[in-house]
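Each remark here refers to the structure printed beneath this line.
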Amino acid sequence: MPLKKAVDVKPAHGKLGILLPGMGAVATTFIAGVQAVRRGIGKPIGSMTQMGTIRLGKRTDDRSPAINDYVPLAQLKDIVFGGWDLFSDNAYEAAVRAGVLDTRLLDQLKDELEQIKPMKAVFEQKWVKKLTGPNVKTGTSKMDLAEQVMEDIRQFKAKNGCDRLVAVWCGSTEVYRKPSDVHSSLAKFEAGLLASDDDIAPSQIYAYACLKLGVPYANGAPNLSLDTAALTELARKNQVPVTGKDFKTGQTLMKTILAPGFKARLLGLEGWYSTNILGNRDGEVLDDPESFKSKEVSKLGVLDHILQPHLYPDLYGNIDHVVRINYYKPRGDNKEGWDNIDIVGWLGYPMQIKVNFLCRDSILAAPIVLDLALFIDFAHRAGMSGIQEWLSFYWKSPMTPEGLYPEHDLFIQLMKLKNTLRYTMGDELITHLGAEYYD
Ligand SMILES: NC(=O)c1ccc[n+]([C@@H]2O[C@H](COP(=O)([O-])OP(=O)(O)OC[C@H]3O[C@@H](n4cnc5c(N)ncnc54)[C@H](O)[C@@H]3O)[C@@H](O)[C@H]2O)c1
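If you count by our numbering, then the sequence shown holds residues 1 to 439, one letter each, in order.
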């Protein structure tokens, strides 16, 4: 039963520019990774657009094309990279400093990486207290800064001969702020830019500039950024897809894999204690309580939404959920997470599960950046705009339209993503209804 005629998706002709505000560990691991894959010296493990398949029709049909063959995505050979950072290190220097990838690999990519130099950042230290750097724009107002970013984007596009652009925020986590009056409508936000309103964060200036120019935008950090009424209004008005927030890697990824399993089997939960140590720049930034607050809010929301305590008060009505992150330099980018999970079984008998995840944060984040960049470009060509809930799969704290709760269960998210691709291409959605109901 095809649901509708396939959407007329514009082809992915020409070059796609991927713009990265923030060129630290995640961004450089992503860029170097794509270059390594292009040269055949690495595999894009963890990327659905590069390695995933999608089942079409009945199981007996035996049709499972690669996603990259099924939907018209930009190809890796057609990607060019650009970005902004308050440090002027080129992508090679920044990647070496981040210490995620082996220098033997980076040295093979050195010539290409050195060409990628960050443009001057929009930065204000009150939003990321632990950082200060020299490569920063000055302007007469926040609107002036937004216009400078727009000019950067136009020049980048012309210089690199790009057909299309997308942006993925890979900058540091800004301090926690709730939306204020200036974020309540586009008109107020634009007035606020002109008046350099204190509540407008640098990340929002990039997002505004991109959306004004029709550049699809994804927010990899947990801070508010484009998750405001004003910027989503602009996205809808200019028909640009947006998505966020906070890449789902590491501990939260494990949480959204395990928690749906407990709920599926109706095992109760008394508590979930999560702690992390990490020693990269992200860890240093998160050592500031106000930046950590953005992360904590993003990480804590997950369990409530998956477990639905209002529907299962006996099982999940009183969970003690604690999340800690500590900066511990020797770990570098290789974060270590511990989870202690107190579950409850038949007649209330308690059990414990311990998870010790020795993970590599940026190695888990890089394929997500790639998928998001390719999927928001695809969404734009397919005429989708506003918040892209089908990309919740990639987020710790998925953005939702006003009044809707986010879906956190990784498996529901995956089904939603793949069904959106099937729907766009005019194929039947997969319901997993068994043969019991077939003739
Ligand atoms: N690695 C992961 O698994 C993961 C998961 C979820 C979210 N994140 C988020 O992704 C972001 C990037 O992580 P990372 O490990 O690459 O951090 P990082 O500290 O290595 O890189 C962030 C870069 O952003 C730059 N920056 C900060 N403010 C900026 C601004 N206003 N304009 C331009 N550049 C700016 C910093 O100078 C730095 O180079 C962080 O917000 C982090 O919380 C990472």
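C-beta: ideal position from N, C-alpha, C; glycine also.
(message) At a threshold of 7 angstroms, does Trp442 count as lining ligand 1 (C-beta to nearest heavy atom)?
(response) Nothing can be reported for residue 442, as the shown portion of the chain is limited to 1 through 439.
(request) Would you mind sorting Thr252 into buried or exposed? The rule is 16 or more other CB atoms within 10 Å of its CB. (result) buried
(request) Would you check whether ligand 1 has a heavy atom nearer than 7 angstroms to the C-beta of Phe123? (result) yes
(request) Tell me whether Met467 sits in a helix, a strand or coil according to DSSP, three-state version. (result) As displayed, the chain neither begins before 1 nor continues past 439, which places residue 467 out of reach and without an answer.
(message) Is it buried or exposed, Tyr405, if we count other Cβ atoms within 10 angstroms and call 16 or more buried?
(response) exposed
(request) Give the straight-line distance between the Cα atoms of Arg154 and Ala121, rounded to the nearest whole angstrom. (result) 16 angstroms
(message) Please tell me whether Thr514 and Trp338 are closer than 8 angstroms, where the distance is taken between their beta carbons.
(response) There is simply no residue 514 to check, as the chain begins at 1 and stops at 439 in what is shown.
(request) Specify the secondary structure class of Thr28 as computed by DSSP and reduced to three states. (result) DSSP places Thr28 in helix when its eight states are reduced to three.
(request) Give the secondary structure of Leu137 by DSSP, where H, G and I count as helix, E and B as strand, and everything else as coil. (result) Sequence check: residue 137 is Lys here, not Leu. Note: Lys137 maps to coil in three-state DSSP.
(request) For Asn280, verify whether its CB is less than 7 angstroms away from any heavy atom of ligand 1. (result) yes
(message) Restricting to runs no shorter than 3 residues, where is the beta strand (DSSP E) found entirely within the region 290–364?
(response) 320–327, 336–344, 350–358
(message) Considering Cα atoms alone, identify which of Arg55, Asp61, Met119, Ala36 is closest to Asp111.
(response) Selected option, being the one with the closest Cα: Ala36.
(message) Going by DSSP, what residue range makes up the beta strand (DSSP E) through Pro241?
(response) 241–244
(message) Contact between the region 203–220 and the region 9–28 is defined here as three or more beta-carbon pairs at a separation below 8 angstroms; is this criterion met?
(response) The region 203–220 vs the region 9–28: in contact.
(request) Just tell me which of Tyr176, Gly279, Gly261, Ser298 has its CA closest to the CA of Glu336. (result) Check the Cα spacing between Glu336 and each of Tyr176, Gly279, Gly261, Ser298: the tightest is with Gly279.
(message) Please identify the residue among Thr103, Asn340, Val369, Gly348 whose C-alpha is closest to the C-alpha of Val355.
(response) If you compare the alpha carbons of Thr103, Asn340, Val369, Gly348 with that of Val355, the shortest gap goes to Asn340.
(request) Starting from the N-terminal side, write out each stretch of the beta strand (DSSP E) that is 3 residues or longer and does not extend beyond the region 232–291. (result) 241–244, 268–278
(request) Name the residue from Pro401, Gln115, Lys329, Gln108 whose alpha carbon lies nearest to the alpha carbon of Asn160. (result) Ranking Pro401, Gln115, Lys329, Gln108 by Cα distance to Asn160 puts Gln115 first.
(request) Sort out for me which residues DSSP pairs Pro21 with in a bridge. (result) Trp84
(message) Does the distance between the C-beta of Cys170 and the nearest non-hydrogen atom of ligand 1 fall short of 7 angstroms?
(response) yes
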